[in-house]
Amino acid sequence: MAAFLLGAVLLIVQPQIVPSRPAINSKAETTSQPVQRELLKKTSPKNDFKENIHSNGSCQQLPQTIIIGVRKGGTRALLEMLSLHPDIAAAESEVHFFDWEDHYRNGLQWYINQMPFSYPHQITVEKTPAYFTSPKVPERLYNMNQSMRLLLILRDPSERVLSDYTQVFYNHMQKHKPYPSIEQFLIKGGELNVDYKAINRSLYYIHMQNWLKYFPLDHIHIVDGDKLIKDPFPEIEKVERFLKLSPQINASNFYFNKTKGFYCLRDSGRERCLHESKGRAHPQVDTWLLQKLHEYFHEPNKKFFELVGRTFDWH
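Start counting the sequence shown at 1; every next residue gets the next number (full-length UniProt numbering).
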């Protein structure tokens with residue numbers, strides 16, 4: 001089951017960045033080009049910004065929607081599934097504009113240059129999972145666009161901790177560097193090591209409190225990452241409604257690949273599946289240690305449920 005959940009994080013083929021045809025009209029809220037110009041004027045000392053316009057009429061725009069996290073929650077899967085919609089233009093890679101100082105100092109013009117070309121009526125989306133747990137990001141994002149609509153995908157906190165470790169472990173293995181066992185991170189002095197960063201990232205209510213200082217709850221849509229993996233279509237339908245998109249993604253866009261053990265995508269007769277490098281099994285963890293994780297997250301999860309007014313099927 002752990003391998004099954006982990007396998008659905010990334011997809012093989014990236015969406016087309018510059019659309020070849022205008023997408024159909026939608027009711028999506030967008031940041032207009034005049035508003036974008038004003039934002040750029042405020043952040044460009046010499047007002048020397050420029051608009052990058054493609055010959056087909058598309059241009060680079062500030063994103064109107066951002067997938068803010070959570071790390072190892074399924075952000076890439078969510079972005080790829082959402083990209084099935086013709087009114088979505090997705091940034092190809094994680095931008096890290098609001099959380100990396102070197103990038104943030106470059107200003108909004110640099111940020112726009114990282115965006116895909118899109119038509120004015122399309123929604124530009126970028127995703128950087130580290131945004132959710134970075135204390136400075138909510139205010140910075142609010143200062144750019146107070147009406148931003150945010151997507152947050154979460155999964156069982158304990159499973160997320162194991163996935164977090166697994167990613168770092170394999171990154172080290174690929175570089176032929178040794179890496180400690182997960183027990184060495186999870187246990188300290190015979191007790192659960194609550195200072196382990198992967199555990200802190202799973203304390204959702206702490207980070208959510210920071211976001212709610214700047215954005216109302218109705219501007220943050222929480223995607224159930226566990227359900228997205230098991231039955232993606234209903235979750236994507238909810239995202240379409242949240243973004244006020246016309247219903248274009250349907251159940252036929254998803255098919256279960258028995259060989260791989262998870263859902264793949266079908267788009268205009270073309271099939272694409274999740275990247276095999278992400279179908280990695282979690283490390284074997286003793287039952288007592290898993291129980292300690294579940295017990296530790298019990299109260300934080302309750303606080304999160306109260307904060308957002310809904311519950312999730314977590315341990």
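All C-beta atoms in this analysis are idealised placements derived from N, C-alpha and C, irrespective of residue type, glycine included. Since the structure is predicted, the reported quantities are computational estimates derived from the model, not experimental observations.
Could you spell out the range, first to last residue, of the beta strand (DSSP E) harbouring residue i?
{"i": "Glu94", "result": "Element bounds for Glu94: n/a, residue is neither H nor E."}
{"i": "Arg272", "result": "270-272"}
{"i": "Gly69", "result": "65-69"}
On the DSSP bridge list, what partners appear for residue i?
{"i": "Asn52", "result": "According to DSSP, which records beta bridges pairwise, Asn52 is partnered with nothing at all."}
{"i": "Arg263", "result": "Before going on, a small fix: residue 263 reads as Tyr here, not Arg. Tyr263 is bridged to Phe256."}
{"i": "Asp224", "result": "Leu154"}
{"i": "Ile88", "result": "Ile123"}
{"i": "Gln60", "result": "Phe117"}
{"i": "Leu192", "result": "Ile187"}
{"i": "Arg149", "result": "Thr65"}
Which whole-angstrom value is the C-beta distance of residue i and residue j, which I expect to be below 8 Å?
{"i": "Met115", "j": "Pro178", "result": "With 8 Å as the limit, Met115 and Pro178 do not qualify as a contact, their Cβ atoms being about 39 Å apart."}
{"i": "Phe254", "j": "Pro234", "result": "Not really, about 10 Å apart at Cβ, beyond 8 Å."}
{"i": "Asp99", "j": "Ala130", "result": "5 Å"}
{"i": "Ile236", "j": "Phe262", "result": "The Cβ separation is near 15 Å, so there is no contact."}
{"i": "Arg149", "j": "Phe256", "result": "Not confirmed; about 30 Å, so no contact."}
{"i": "His282", "j": "Thr166", "result": "6 Å"}
{"i": "Gly73", "j": "Ile199", "result": "The Cβ separation is near 15 Å, so there is no contact."}
{"i": "Val239", "j": "Leu108", "result": "Not confirmed; about 26 Å, so no contact."}
{"i": "Glu92", "j": "Lys127", "result": "Glu92 to Lys127, Cβ: 10 Å. No contact."}
{"i": "Ser158", "j": "Leu290", "result": "7 Å"}
{"i": "residue 319", "j": "Phe97", "result": "Not covered by the structure: residue 319. The range shown for the chain is 1 to 315."}
{"i": "Ser246", "j": "Arg266", "result": "About 19 Å separates the two Cβ atoms, so there is no contact after all."}
{"i": "Tyr104", "j": "Arg140", "result": "7 Å"}
{"i": "Lys292", "j": "Leu212", "result": "That pair is no contact at about 29 Å."}
Taking buried to mean at least 16 other C-beta atoms within 10 Å of its own C-beta, is residue i buried or exposed?
{"i": "Ile53", "result": "exposed"}
{"i": "Leu217", "result": "exposed"}
{"i": "Met298", "result": "In the sequence under discussion, the amino acid at residue 298 is His, which differs from the Met named in the question. By the neighbour-count rule (16 or more Cβ atoms within 10 Å), His298 is not buried but exposed."}
{"i": "Gly69", "result": "buried"}
{"i": "Asp313", "result": "exposed"}
{"i": "Asn301", "result": "buried"}
{"i": "Met144", "result": "buried"}
{"i": "Gln60", "result": "buried"}
{"i": "Arg175", "result": "Correcting the residue type first, residue 175 is Lys in the shown sequence and not Arg. That one is exposed."}
{"i": "Arg201", "result": "buried"}
{"i": "Gly309", "result": "exposed"}
{"i": "Val194", "result": "exposed"}
{"i": "Arg76", "result": "buried"}
{"i": "Arg270", "result": "exposed"}
{"i": "Glu101", "result": "exposed"}
{"i": "Glu295", "result": "exposed"}
{"i": "Gly57", "result": "exposed"}
{"i": "His85", "result": "buried"}
{"i": "Asn25", "result": "Below a pLDDT of 50, predicted positions are generally treated as unreliable, and Asn25, at 38, falls in that range; the measurement from the model is reported next regardless. It counts as exposed."}
{"i": "Gly225", "result": "buried"}
{"i": "Thr287", "result": "exposed"}
{"i": "Arg160", "result": "buried"}
{"i": "Ala89", "result": "buried"}
{"i": "Lys188", "result": "exposed"}
{"i": "Pro45", "result": "Residue confidence is low: Pro45 scores 40 on pLDDT, short of 50, so the model does not pin down where it sits. Its coordinate-derived value is still stated next. Pro45 comes out exposed."}
Which residue comes first and which comes last in the alpha helix (DSSP H) that contains residue i?
{"i": "Leu307", "result": "287-308"}
{"i": "Lys238", "result": "232-242"}
{"i": "Pro138", "result": "137-144"}
{"i": "Gln209", "result": "204-212"}
{"i": "His176", "result": "Where His176 is concerned, there is no enclosing alpha helix (DSSP H), given that its DSSP letter is neither H nor E."}
{"i": "Lys197", "result": "197-201"}
{"i": "Leu78", "result": "75-82"}
{"i": "Asp102", "result": "101-104"}
Going by Cα to Cα distance, which pick from the options is closest to residue i?
{"i": "Ile206", "options": "Pro135, Phe262, Ile249, Ser252", "result": "Pro135"}
{"i": "Arg272", "options": "His282, Lys260, Pro283, Ala281", "result": "Lys260"}
{"i": "Tyr196", "options": "Tyr263, Pro247, Leu162", "result": "Leu162"}
{"i": "Asp80", "options": "Asp156, Phe117, Val125, Trp211", "result": "Before going on, a small fix: residue 80 reads as Glu here, not Asp. Residue Val125 is the option with its Cα nearest to Glu80."}
{"i": "Phe305", "options": "Leu203, Met148, Val95, Ser93", "result": "Leu203"}
{"i": "Phe215", "options": "Lys238, Tyr111, Ser158, Val137", "result": "Val137"}
{"i": "Tyr142", "options": "Gln109, Ile220, His172", "result": "Ile220"}
{"i": "Cys264", "options": "Gly190, Thr65, Leu78", "result": "Leu78"}
{"i": "Leu186", "options": "Met173, Asp164, Asn171, His172", "result": "Asp164"}
{"i": "Lys227", "options": "Thr311, Leu289, Thr287", "result": "Thr311"}
{"i": "Met208", "options": "Lys238, Leu151, Lys72, Thr65", "result": "Leu151"}
{"i": "Gln122", "options": "Asp87, His315, Gln146, Leu290", "result": "Asp87"}
{"i": "Ser147", "options": "Thr65, His172, Lys244", "result": "Thr65"}
{"i": "Gln284", "options": "Asn113, Glu183, Leu293, Ser268", "result": "Glu183"}
{"i": "Ser67", "options": "Asn210, Gly189, Ile222", "result": "For the record, residue 67 in the displayed sequence is Ile; it is not Ser. For the residues Asn210, Gly189, Ile222, the minimum Cα distance to Ile67 belongs to Ile222."}
Is residue i near the ligand ZN - that is, is its Cβ less than 7 Å away from at least one heavy atom of it?
{"i": "His294", "result": "The ligand ZN is not part of this structure, which contains no ligands at all."}
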